[in-house]
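Here is the structure we will look at, set down as structure tokens.
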Amino acid sequence: MYREISVLFSKFLDKYNNSIEKKLKQENFIGLGASHFAILIGIIFSEEKRLCMKEIASFINKDKSTVTQLVNKLIRYDLIEKKYCESDKRMCYMMLTNKGRENEDLFIKIYNESEAENNMITIEERQAIENIVKKLMISME
């Protein structure tokens, strides 16, 4: 049973990620993937418009070294920058650069388009799927 479910989720995730990457490529953000996009969206929708590395790792469910690579690429693309906390220099936050802010509406548009493409199920169905997946994850701990 779990194998079939994991295969379906894997296929869905591949299609979703490919859709995001295609949209980014169409907007000349070549080389950026769905995980990069998730970081940008996480920052955009965060209350303070910034996230620390730990929050990013939790948000996209990746380990610290992977997050570092993803963040470094976004820094090279000049979409985010690293700002150190004034009270604790060990703590740093990722936030959008001017270029990132200039493209914020575009990123939100891509996000909204992706959400609209997946509106074949109701909010209740989405919540049911989320609850089932959470139960499955707990059962595997």
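Going by UniProt numbering, the sequence shown opens with residue 1, and the numbers climb by one from there. Quick reminder that beta carbons are idealized off the backbone N, C-alpha and C, glycines included.
(1) Nearest CA to the CA of LYS83: which residue from LYS49, ILE5, ALA116?
(2) Which residues in the same chain as LYS64 place their Cβ atom closer than 7 Å to its Cβ, once the five residues preceding and following it in sequence are excluded?
(3) Where does the unbroken beta strand (DSSP E) through LYS83 begin, and where does it stop?
(4) Please report the distance separating the alpha-carbon of ALA38 from that of LEU70.
(5) Assuming ASP78 and LYS62 are in contact, meaning their beta carbons sit under 8 Å apart, how far apart are those beta carbons, in whole angstroms?
(6) In the DSSP assignment, what are the bridge partners of MET94?
(7) Does the Cβ-Cβ distance between MET94 and ILE80 come in under 9 Å?
(8) Mind checking LYS23: buried by the 16 CB within 10 Å criterion, or exposed?
(9) Starting from GLY33, trace the alpha helix (DSSP H) both ways and give me its first and last residue.
(10) Please identify the residue among GLU125, LYS89, LYS109, GLY33 whose C-alpha is closest to the C-alpha of LYS73.
(11) Taking the straight line between their C-alpha atoms, what separation do you get for GLU124 and ILE132?
(12) In chain order, what residues of the same chain lie with their CB nearer than 7 Å to the CB of GLU104, ignoring the 5 residues before and after it?
(13) Out of ILE108, MET120, ARG126, point me to the one whose CA is closest to SER46's CA.
The structure says:
(1) Taking the first residue of the sequence shown as 1, we reach residue 83 at position 83. Minimum Cα distance to LYS83 is reached at LYS49.
(2) Sequence index remark: in the sequence shown, residue 64 carries index 64 (1-based). Contacts found: MET53, ALA57.
(3) By 1-based counting over the sequence shown, the position of residue 83 is 83. Note, LYS83: beta strand (DSSP E), 80-84.
(4) Translated into positions along the sequence shown, residue 38 becomes position 38. Translated into positions along the sequence shown, residue 70 becomes position 70. Their Cα atoms are separated by approximately 10 Å.
(5) Here residue 78 refers to the residue found at position 78 when the sequence shown is read from its first residue. Here residue 62 refers to the residue found at position 62 when the sequence shown is read from its first residue. Contact doesn't hold; Cβ gap of about 22 Å is too wide.
(6) As a position in the sequence shown, residue 94 is number 94, starting the count at 1. Beta-bridge annotation (DSSP): MET94 is paired with LEU51, LYS82.
(7) Numbered from 1 along the sequence shown, position 94 holds the residue referred to as residue 94. Numbered from 1 along the sequence shown, position 80 holds the residue referred to as residue 80. Going by C-beta atoms, MET94 is nearer than 9 Å to ILE80.
(8) The sequence position of residue 23 within the sequence shown is 23, counting from 1. Classification for LYS23: buried.
(9) Residue mapping note: residue 33 aligns to position 33 of the sequence shown, counting from 1. Counting along the chain, GLY33 falls outside any alpha helix (DSSP H), and DSSP gives it neither H nor E.
(10) Numbered from 1 along the sequence shown, position 73 holds the residue referred to as residue 73. Minimum Cα distance to LYS73 is reached at GLY33.
(11) Within the sequence shown, numbered from 1, the residue matching residue 124 stands at position 124. Within the sequence shown, numbered from 1, the residue matching residue 132 stands at position 132. The straight-line gap from Cα to Cα measures roughly 12 Å.
(12) As a first step, residue 104 is located in the sequence shown; it is residue number 104 there, counting from the start. Excluding sequence neighbours, GLU104 sits near ILE44, LEU96.
(13) Residue mapping note: residue 46 aligns to position 46 of the sequence shown, counting from 1. For the residues ILE108, MET120, ARG126, the minimum Cα distance to SER46 belongs to ILE108.
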